[in-house]
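Below is one structure; the comments refer to it alone.
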Amino acid sequence: DDPSLEKDEL
Amino acid sequence: MNIFRLTGDLSHLAAIIILLLKIWKTRSCAGISGKSQILFALVFTSRYLDLLTSFISLYNTTMKVIYIGCAYATVYLIYAKFKATYDGNHDTFRVEFLVVPVGGLAFLVNHDFSPLEILWTFSIYLESVAILPQLFMISKTGEAETITTHYLFFLGLYRALYLINWIWRFYFEGFFDMIAIVAGVVQTILYCDFFYLYVTKGEGRSQLSIPT
C-alpha cells in the first residue's frame, strides 16, 4: 500500500 | 465525502459534546469511566499527529482539533476539576490488558512500517476496544444515567455509519482499508448489547439498568 495515501478520514 | 461519513462524524462530535456538557453542567462525572476517556485521548493523539505534517482540508483539521481538545478537556474535568465525583471504585478495568496487546498488534499488522503509520494503526486498534472500561463500569454499577446512554448511543452509531461509508466507498471508489474495517466491525459489535438495551429499555426509564 502507498503509505503517503492521505488519510482523509477521522 | 459521502453522507454516511458526514453523519458519522457529526454523531461522533455529538457524543463528545454530550459527554463534555454533561460533566460540565452537572459538575459531576459519576458513572463515567475516566479510563475510557484517557484511552480516547490516546487514540486521538496517536491518530492525529498528521496535523503537524499534512493539511488535508479545513474540515479535517478543524474536526481533529475539536476532538483532541474535547478529549483532553474531558480527562481534565474527570481527574482534576471534578475529581471528587470520580467513581474510581467502579472504574477498575485493567487498561494495560488493552494497550499492550494493541500496541504489539500494531507492530505486527499494519500497512506500512513507518512511525506515523504504526501510530495510526495503534489508534485504530485501540479505538475499537477503548469503550470497554466504560461498558465494564456500567455492568458493575448495573445502571447508567440517561445522558450517558445517549453518549454511548451516538458513540456506537458513529463507527457503524463509518462501516456503511466504507461499503459505499468500496462500491463507488474501490477504496478498501482492511485494518480500519475489521477494527470498526469489532468496535461496533461491542456496542450491540448496549444498543439492544438502549432501544428496548431506554424509553421512559430514568436509569438504564443493565443486568450484571
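Residue numbers (our numbering), protein chains in the order written: chain H, 15 to 24; chain U, 1148 to 1359. In this text, a Cβ means the ideal position worked out from N, Cα and C, and glycines have one as well.
- Arg1316/U is not a Cβ neighbour of Gln1334/U, given a cutoff of 8 Å.
- A contact is defined here as three or more CB-CB pairs under 8 Å, and the region 1176–1187 of chain U meets this definition with respect to the region 1279–1293 of chain U.
- Non-local C-beta neighbours of Ile1170/U in its own chain, meaning closer than 6 Å and more than five positions away in sequence, comprise Cys1176, Leu1224, ordered along the chain.
- Shown here for Ala1161/U: same chain residues with a beta carbon closer than 7 Å to its own, the five before and five after excluded, namely Phe1301 in chain order.
- If you look at Ala1231/U, you'll find it isn't in any beta strand (DSSP E); DSSP assigns it neither H nor E.
- Leu1186/U places its beta carbon less than 8 Å from that of Ala1277/U.
- Contact annotation for Lys1169/U against chain H: no contact, minimum CB-CB distance about 22 Å [criterion: below 9 Å].
- Beta-bridge partners assigned by DSSP to Ala1277/U: none are found.
- Contact note: Arg1152/U reaches chain H through Glu23, using a C-beta cutoff of 8 Å and chain order.
- Sequence-distant Cβ neighbours of Phe1202/U in its own chain, meaning closer than 7 Å and more than five residues away, are Thr1208.
- In this structure Ser1193/U is in contact with Leu1266/U, their Cβ atoms being roughly 4 Å apart against a cut-off of 8 Å.
- Under the DSSP assignment, Glu1290/U falls in the beta strand (DSSP E) whose first and last residues are 1290–1292.
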